[in-house]
Amino acid sequence: MIRFQNIHKSYLVAGKDVPALAGIDFEIAAGEVFGIIGHSGAGKSTLVRLINLLERPTQGQVLIDGRDITALPDAGLRDLRRGIGMIFQHFNLLSSKTVAENVAFPLKLAGLRDAPAIKARVAALLARVGLTEHADKYPAQLSGGQKQRVGIARALATEPSILLCDEATSALDPQTTRSVLRLLAEINRELGLTIVIITHEMDVVRTVCDRVAVLDAGRVVELGPVAEVFLHPQHPTTRRFVLEAEHVDEGEQVDDYAHVPGRVVRLTFKGDATYAPVLGDVARNTGIDFSILAGRIDRIKESPYGQLTVAFTGDGVDAALQQLAARRITVEVLRP
Amino acid sequence: MNQLFVNIDWAEIWTATLDTLAMLGGSLLFTVLLGLPLGVLLFLTARRQMLEQPLLFGVLSFVANVVRSIPFVILIILMIPVTVLITGTSLGVAGAIPTLVVGATPFFARLVETALREVDRGIVEATQAMGASTRQIVLHALLPEALPGIVAAVTVTAITLVSYTAMSGVIGGGGLGDLAIRYGYQRYQTDVMIVTVVLLVVLVQGLQMLGDRLVVHFSRK
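Protein chains in written order, with the UniProt record's numbering: chain A, 1 to 336; chain B, 1 to 221.
Right under this line is the structure:
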């Protein structure tokens, strides 16, 4: 649906070309929630703005439904933008307009003059984001979470097929972040909207995204299903994000196990295996002992996963690892 | 009372007050009508703005600065031929207004430009992302968002115009400033001077209070 084709983008800073994106090449599928994660300065804000051409690539094309949008004339570009909603870190609501007027704003810009139709549409949108009773307030009277909900209602007003989220939860507290992410997931499910989320928080990706691209210094260094990237990070940048999300310092952790006897392995369970008594089963079958050193059981979007760091002792360790692998559990040996 | 204000001709004071108000109202109207679009143009053509036009911006900016750097008394004299061309006279209320407008417009335009710059860029970006044209962005996002700032700019400009009207009294513009100079200064009638100055103070205070109230009324932040 959205295809980046060999995108390069550089900015002229003090007479010098500074590259922001260098060779971006991937596709976002229709109906998915796609995360783009990167540290500040990695180029993610630029990347998301290529989709509605708030930024233009220096080189390369952006295709939406097979159409090269960089070749669109001004009028075509305005039409395209009406089909793409966008929400922002700082909400960017018009302070001079009420909540209802803010939500009606894109409809008025699109030339809609039918007042009852606008009113009905605004009421439906405010009901969807749970702000019906705040319709006549001004943005300054709302909390951050409420402002972002207005932003979402406004972005959905023109019934877009794509929603871009630029660090949409970065200015919100964790609880509000969760409720905004729940709303985004709901919108994705019910409206079939393609959602592109830019963030620097792995938790955001883990909660709502189907696939994720990790951006580092203007390049995609890792891309895949969230579970894959989250549980088996390959690139150092990805690993850092995962560890940040788990609040773990990898170096510290390895030192902690120095005095633990046996073979240290990391087991990754996905889906139903997460809740099955696999470890006890295998231990009984092979006569080994195990001690759990670290672990977490959580969810990636809708599906549960578990990741345990375990020390195995006894003669049957090899057999045990084979049995675990046979049960579709990913085994990584951290210390032989 | 009569001892104190022997030289005062209250009918003349009343006429002069009306003249000052007429000069102020007329010149403020035309200053806003010309200065607002000029301010928008200055804002839009500046560097990294929507209609970036370095040459046009440079020329407008230079002209605005030149006019603002000419002392108003000199501008009055320079403008005499132009005023005669426009209004047929360089005297009285009609003769004063073109000069007042020329003097105040660049000042007001700069204030409008500043007020527009105060609008969060994110709001412009969000409006652009909705598919708005530049015209729509200016009319429906920038100007409404900058309204409190623009009202404050009108207030400051109106007060500046009050002092300009007093100066145009020098060459026969009429109004309270004219009275102050002709009677108060040249004929040493201190009481006339005091009355006119008090009236001007009241006028300026009133304008500032009205402006402040309107700014609060239009602010939603």
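Positions of the beta carbon are idealized from the N, C-alpha and C atoms, including for glycine.
Anything in chain B within Cβ reach of residue i, meaning under 9 angstroms, just list it in chain order.
i	result
Tyr138 of chain A	Arg220 and Lys221
Arg113 of chain A	The premise fails here: Arg113 of chain A is roughly 14 angstroms from chain B at the closest Cβ pair, so nothing lies under 9 angstroms.
Within 8 angstroms (strictly less), CB to CB, does residue i reach chain B?
i	result
Arg121 of chain A	no
Ser95 of chain A	yes
Asp79 of chain A	yes
Arg239 of chain A	no
Pro57 of chain A	no
Three-state secondary structure (DSSP) at residue i?
i	result
Lys301 of chain A	coil
Tyr275 of chain A	helix
Glu246 of chain A	helix
Gln61 of chain A	strand
Thr31 of chain B	helix
Val260 of chain A	coil
Lys16 of chain A	strand
Leu223 of chain A	strand
Thr114 of chain B	helix
Arg200 of chain A	Here residue 200 of chain A is His; the residue named in the question, Arg, does not match the sequence. DSSP places His200 of chain A in coil when its eight states are reduced to three.
Lys221 of chain B	coil
Met86 of chain A	strand
Phe105 of chain A	helix
Ala117 of chain A	helix
Met1 of chain B	Bear in mind that the predicted position of Met1 of chain B carries a pLDDT of just 49, short of 50, making it too unreliable to give a figure here.
Ala213 of chain A	strand
Glu186 of chain A	helix
Ile133 of chain A	In the sequence as displayed, the identity of residue 133 of chain A is Glu instead of Ile. Here Glu133 of chain A sits in helix by DSSP.
Kindly say whether residue i, judged by its beta-carbon, lies nearer than 8 angstroms to any beta-carbon of chain A.
i	result
His140 of chain B	yes
Glu145 of chain B	yes
Val216 of chain B	no
Trp10 of chain B	no
Gln186 of chain B	no
Gly39 of chain B	no
Gly122 of chain B	yes
Val82 of chain B	no
To the nearest angstrom, how far is it from the Cα of residue i to the Cα of residue j?
i	j	result
Met1 of chain B	Gln205 of chain B	Note that Met1 of chain B has pLDDT 49, beneath the 50 cutoff, so the model's placement of it is unreliable and no number is given.
Gln323 of chain A	Pro261 of chain A	21 angstroms
Asp203 of chain A	Ala104 of chain A	32 angstroms
Lys16 of chain A	Ser10 of chain A	9 angstroms
Asp79 of chain A	Leu163 of chain A	15 angstroms
His8 of chain A	Gly122 of chain B	24 angstroms
residue 244 of chain B	Thr20 of chain B	Beyond the ends of chain B as shown, which are 1 and 221, falls residue 244 of chain B; an answer cannot be given.
Ile70 of chain B	Ser61 of chain B	15 angstroms
Leu200 of chain B	Tyr185 of chain B	16 angstroms
Arg178 of chain A	Arg117 of chain B	35 angstroms
Val212 of chain A	Ile137 of chain B	34 angstroms
Ala283 of chain A	Thr194 of chain A	45 angstroms
Pro160 of chain A	Phe269 of chain A	37 angstroms
Gln59 of chain A	Val220 of chain A	16 angstroms
Ile37 of chain A	Phe312 of chain A	35 angstroms
Leu75 of chain B	Leu142 of chain B	33 angstroms
Pro139 of chain A	Ala146 of chain B	16 angstroms
Val6 of chain B	Asp191 of chain B	8 angstroms
Leu91 of chain B	Val84 of chain B	9 angstroms
Leu47 of chain A	Pro225 of chain A	19 angstroms
Glu12 of chain B	Gly25 of chain B	20 angstroms
Gly218 of chain A	Ala29 of chain A	21 angstroms
Leu210 of chain B	Ile197 of chain A	47 angstroms
Chain A partners of residue i, CB-CB under 7 angstroms?
i	result
Met50 of chain B	Those do not exist, as Met50 of chain B stays about 12 angstroms from chain A at its closest Cβ, beyond 7 angstroms.
Gln136 of chain B	Leu109
If the cut is a Cβ gap below 8 angstroms, which residues of chain B does residue i touch?
i	result
Ala71 of chain A	By Cβ distance, chain B contributes nothing, its closest Cβ being about 17 angstroms from Ala71 of chain A, past 8 angstroms.
Arg82 of chain A	Met130 and Gly131
Which residues of chain A have a Cβ atom closer than 8 angstroms to the Cβ of residue i, listed in chain order?
i	result
Glu125 of chain B	Leu54, Phe88 and Asn92
Below 7 angstroms on C-beta distance, what does residue i contact in chain B?
i	result
Pro106 of chain A	Met130
Determine whether the Cβ of residue i lies closer than 8 angstroms to any Cβ atom of chain D.
i	result
Leu308 of chain A	Absent from the structure: chain D. Protein chains present are A and B.
Fill in: Contact between the region 206-223 of chain A and the region 279-293 of chain A (3+ Cβ pairs under 8 angstroms)
no
Worksheet item: Do three or more CB pairs link the region 147-165 of chain B to the region 121-138 of chain A at distances below 8 angstroms?
Response: no
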